[in-house]
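If you're matching positions, the sequence shown starts at 1 in UniProt numbering and goes up one per residue.
The structure appears below as structure tokens.
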Amino acid sequence: TGEGCKSGFAKALLDGNLFTFRHSRWTSDAPSFPHFVVIDLGAVNEVHRFSVAQRLTLCRTVRGIDLLMSLDGEQFELIDSYELQNIDGFQMFEFAETKTMRFLKIVVNSS
């Protein structure tokens with residue numbers, strides 16, 4: 001990806017390090033929206049909030065996302081749609097009620 005050995009890859013989404021980041025292919029043949037990633041939580045969990053951070057340089061930021069949940073990784077249910085702010089640091093989104101899921105799907109719709 002041209003970003004060195006730590007950034008660009010999907011694992012950078014979950015490493016807790018604000019200095020690493022995930023990105024899609026960004027060259028001239030970059031895919032159009034939407035982009036998505038599915039995260040397997042490893043077991044069924046009760047989830048009541050979600051946090052996300054923009055890239056620290058605030059370049060190529062994300063705007064609109066959908067969060068979906070699933071127990072089986074096949075059938076997903078929309079939790080909600082969110083607009084991310086163009087700021088450094090984590091943005092916390094509280095769910096209206098606790099959700100039961102094993103898989104979380106993040107769909108990026110706009111930047």
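Idealized CB from N, CA, C, for every residue including glycine.
In this structure phenylalanine 36 touches isoleucine 106 by the C-beta definition: roughly 6 Å separates them, less than 8 Å. Contact annotation, arginine 63 with leucine 84: C-beta distance approximately 6 Å; criterion of less than 8 Å satisfied. In this structure, the alpha-carbon of phenylalanine 50 lies about 31 Å from that of aspartate 29. By alpha-carbon distance to aspartate 72, the top candidate from Asn17, Ser81, Asp40 and Ser111 is Asp40. Per DSSP, the unbroken beta strand (DSSP E) holding aspartate 66 starts and ends at 64-70.
Look at leucine 56 here: in three-state DSSP terms it is coil, with no helix or strand label.
Counting only the Cα atoms, glycine 42 lies some 13 Å from methionine 69. Apart from the 5 residues on each side of it in sequence, phenylalanine 103 sits with its Cβ closer than 8 Å to the Cβ of Val38, Ile39, Asp40, Leu41, Met69, Ser70, Leu71, Asp72, Gly73 and Phe76 in its chain, given in chain order.
Distance from the Cα of isoleucine 87 is smallest, within the candidate group Glu94, Ala53 and Asn45, for Ala53. Bridge pairing for arginine 49: Glu94 [DSSP]. Listed in chain order, the non-local C-beta contacts of glutamate 94 below 8 Å within the same chain comprise His48 and Arg49, local neighbours out to five positions each way being set aside.
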